[in-house]
Structure formats: C-alpha cells, structure tokens
Amino acid sequence: MGQKVIVAGVGMVPFATPSRSATYDVLAEGAIKAALADAGIDLARVQQAYAGYVYGDSTSGQNALYRVGMTGLPVVNVNNNCSTGSSALFLARQAVSSGAADCVLAFGFEQMQRGALKEHWDDRPSAFARLDAVITSTQADAASAPMAPRFFGAAGAAYCDRYGMDPAVFAQISVKARRHAANNPFAVFTDQVTVEEVLASPPIFGPLTRLQCCPPTCGAAAAIVTSEEFARRHGLRTDVAIAAQAMTTDTPSSFGGDLTKLVGYDMSKAAAWQVYEAAGVSPEDIRVVELHDCFTTNEVLSYEALGLTPEGTAEKFIADGDNTYGGRVVTNPSGGLLSKGHPLGATGLAQCAELVWQLRGDAGPRQVEDASLALQHNIGLGGAAVVTLYEKAS
Numbered sequence: 001m002g003q004k005v006i007v008a009g010v011g012m013v014p015f016a017t018p019s020r021s022a023t024y025d026v027l028a029e030g031a032i033k034a035a036l037a038d039a040g041i042d043l044a045r046v047q048q049a050y051a052g053y054v055y056g057d058s059t060s061g062q063n064a065l066y067r068v069g070m071t072g073l074p075v076v077n078v079n080n081n082c083s084t085g086s087s088a089l090f091l092a093r094q095a096v097s098s099g100a101a102d103c104v105l106a107f108g109f110e111q112m113q114r115g116a117l118k119e120h121w122d123d124r125p126s127a128f129a130r131l132d133a134v135i136t137s138t139q140a141d142a143a144s145a146p147m148a149p150r151f152f153g154a155a156g157a158a159y160c161d162r163y164g165m166d167p168a169v170f171a172q173i174s175v176k177a178r179r180h181a182a183n184n185p186f187a188v189f190t191d192q193v194t195v196e197e198v199l200a201s202p203p204i205f206g207p208l209t210r211l212q213c214c215p216p217t218c219g220a221a222a223a224i225v226t227s228e229e230f231a232r233r234h235g236l237r238t239d240v241a242i243a244a245q246a247m248t249t250d251t252p253s254s255f256g257g258d259l260t261k262l263v264g265y266d267m268s269k270a271a272a273w274q275v276y277e278a279a280g281v282s283p284e285d286i287r288v289v290e291l292h293d294c295f296t297t298n299e300v301l302s303y304e305a306l307g308l309t310p311e312g313t314a315e316k317f318i319a320d321g322d323n324t325y326g327g328r329v330v331t332n333p334s335g336g337l338l339s340k341g342h343p344l345g346a347t348g349l350a351q352c353a354e355l356v357w358q359l360r361g362d363a364g365p366r367q368v369e370d371a372s373l374a375l376q377h378n379i380g381l382g383g384a385a386v387v388t389l390y391e392k393a394s
C-alpha cells in the first residue's frame, strides 16, 4: 500500500480562450503559487516536481517553475495527451507513496492555439495510426472531420445504434455542463443553453454539434501532495487523501472494431475497477465525479465505463436526473471540459482541485452534499486513462 498520500494544497487560474490568455509560464506561475499558498508551504520544501503539458518545447516545465523559484529540485516533464495532468499527479503520488519523497508538486499547463486539435509532425509514424485505421475502415466520411471529433462522434453513433438511444440525448449533457458552470468562476463558458440551441449549433461529426465539443482553452492547475507524516510535522491540512489511483493503457480490444472501445471505454473501465478494488468501495458509494467530457458522447460512455450506471442504461440515468444535483451522483460540478475548457496539460489537475474543494466543503454554490469520496477520470487517446479516488480523511 505504501505511505498514505495527502493532497495538502491545490490551485488553478481561470481558464481562457487562446486570444485572451497569458502565456503558459505566467499561467503556471499563478497555479503553482496558489497551490503553495493553499498548502501553506514554500517551494523550498518541495522535493520533486512533475510538469504536464502537450504543446511546448522540452523543459517548458522548468521555465514555468523558475518564475516561482530556482531551488534545484528535479523537474520531470510529462506528455500523455489529454490525460497529461493526471499522469503528472500519478507520478507525484507514486513518489510519495513509495517513500522516495515526502513533498511533491504536480502542475499542468497549456497555451493552446485556436481551432481543432491536430497532429504536428508529418515526417514520422503517427501515434494515432491504429485509431485512424479503425475509423477509416468503418466510417466512409471520417476523413473530412477534425481528428478528435471523428473518433468520439463515431463512438457516440455506435452507442446509439447498439442501444437504440436518440442522439438528441447527448445534447442534454451540454445543457447540464453550462448549468453547473454558472457557479464556477474558473470556467470559460457560463451562458446557459437549451437542448434546441445545442442541436442547432453547427454539425461537426456524427451526433456531435459544436456545442457538444470542448473548446481549446489555455490554463494551469497544480497540487501539492505529501506524506501524512510530513503534513502533520509541518502543520499542513490532512483532510483530503488519495485513497486509490490507477493508470491503464490500451489493450488489443481498443482496436478490435468496437468504436466505443476505440475511445478508451475498456481503459477507463479497467482503471476504475482497479481503484474500487484497491479502496474497497463500489461506484454506489461515490457522490461526486469529475469525468472526461471532452465531447458529450464521452461523458455518456464514461457513466457506464466507471460503473455509475449499468451498461446500456445511460439514457435513463440522464432522464432521471441521476447525473446532477438532487440525483444519485453529481457529475462534473465544475462544468467539465465542455464549459470550463480543456487546456490539455492542466485538465487533470483542475479536476483534482475541484474534487479537493468538494471534499473540504469549499465549493460554494457548487457544493455537493454529503460527499466523503470523490472520483476523478481523465483519458487521453493513444492512450492513457487515469482514475483517482479521493477521500475525506481525519
């Protein structure tokens, strides 16, 4: 089991569109300083740092951290696509749990460009070649769509075909996301929308319309993780701990032709059940979740992959309001990626910050009642899924 790992401090900066954002190093500085202040320690106490980002030159993590201070601590730069921030947290937790370090900083940032995600190298093998091969063999019109929507849009269409769900159900996820984001000062998009407006927005691919796709945004978030002994010795708060965490990558099932598995269903399911088993809990024990809603279709798939509702029942889960306040589990109280935005390197650590605030009772109007466990789900194609369970500790 290793040492108990405490999340002693978290911080983030408001996310912004690329045209209105500061540079990545300034964003990261703000998030790191906020996490240090929240923990009540100086950078000199931090023994290791893991910096997550996707779009940037090597050692950008050092350049960002140097704005806060140069203490000589080791800095490891992490790139795992959309699960980059959680991958940095995964490494930080491992360092503390193993006893290699007592106080570690995980931070993530992204200064993104406008427009859909795209590959930047055309002179070497693509990391998405296996995914493209499956899509092009099953979707004749996929080549005309942006990279990420063609995967997640096709997966949503496959889900509807399998269970007879009306694709319009996906639009309800966008409506919920905006409703939750209205109470989040860190979110980019807080204006309310209706199902009709979501469906009337420009079509992208399959059932996806523009308002069902997360926007490219810039931002940063950070967390200070420590051993319990270190936290108590230095008078830090110990009220939130990481109860369990798992990272998984693809297996052959991802590329067997099932489009829901292509976008990480099996990876997410495997990681979630590893976490539940390690912590000795079940999905029914969870009251608040931050999950990877890069597209409305993936939120619906994730409900079932994480065991929040049985396979094939997501439509009823949504219709019954079991995915929001007053229901069984509040999903994405922050507004999720759809409303908060998705700066790739920052996303996982922003999810961490939200859930820590929830367990502390510091989420203000977003507060979920009676939450003693909180689940985080972050996935990147190519692929990596990270699931983390936080608990309210004594």
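Be aware that the sequence shown starts at 1, since it is given in my numbering, and climbs by one per residue. Beta carbons are placed, not taken as given, at the ideal position from N, Cα and C, and that holds for glycine.
For residue 89, verify whether its CB is less than 7 Å away from any heavy atom of the ligand NAD. The model depicted lacks the ligand NAD and carries no ligand whatsoever.
Assign residue 192 to one of two classes, buried (16 or more other C-beta atoms within 10 Å of its C-beta) or exposed (fewer than that). Residue 192 comes out exposed.
Please list, in chain order, all residues of the same chain as residue 83 whose beta carbon is under 7 Å from its beta carbon, the five residues on each side excluded. 348, 378, 379, 380, 384, 385 and 386
Any idea what DSSP makes of residue 19, helix, strand or coil? helix
Per-residue burial, residue 44 [other beta carbons within 10 Å of its own, 16 or more giving buried]: It is exposed - the Cβ of residue 44 has fewer than 16 other Cβ atoms within 10 Å.
Which residues in the same chain have their Cβ closer than 7 Å to the Cβ of residue 29, if we skip the five residues on either side of it in sequence? 64, 67 and 68
Which stretch, first to last residue, makes up the beta strand (DSSP E) that contains residue 377? For residue 377, the enclosing beta strand (DSSP E) stretches over residues 373–380.
Identify the residues that DSSP records as bridge partners of residue 263: which are they? For residue 263, which the question treats as bridged, DSSP gives no partner whatsoever.
According to DSSP, is residue 26 part of a helix, a strand, or is it coil? Reduced to three states, the DSSP call for residue 26 is helix.
I'd like to know whether the C-beta atoms of residue 51 and residue 61 end up nearer to each other than 8 Å. In terms of Cβ geometry, residue 51 and residue 61 form a close pair [threshold 8 Å].
Where the alpha helix (DSSP H) containing residue 153 begins and where it ends: From DSSP, the alpha helix (DSSP H) with residue 153 extends over 147–163.
Cα separation between residue 401 and residue 330? Only positions 1 to 394 of the chain appear in this structure, which leaves residue 401 out of reach.
Whole angstroms is fine: what's the gap from residue 320's alpha carbon to residue 221's? The alpha-carbon separation between residue 320 and residue 221 amounts to approximately 33 Å.
Candidates 225, 242 and 243, of which the one nearest residue 236 by Cα: 225
Assumed close pair residue 27, residue 109 - CB separation to whole angstroms, cut-off 8 Å: 5 Å
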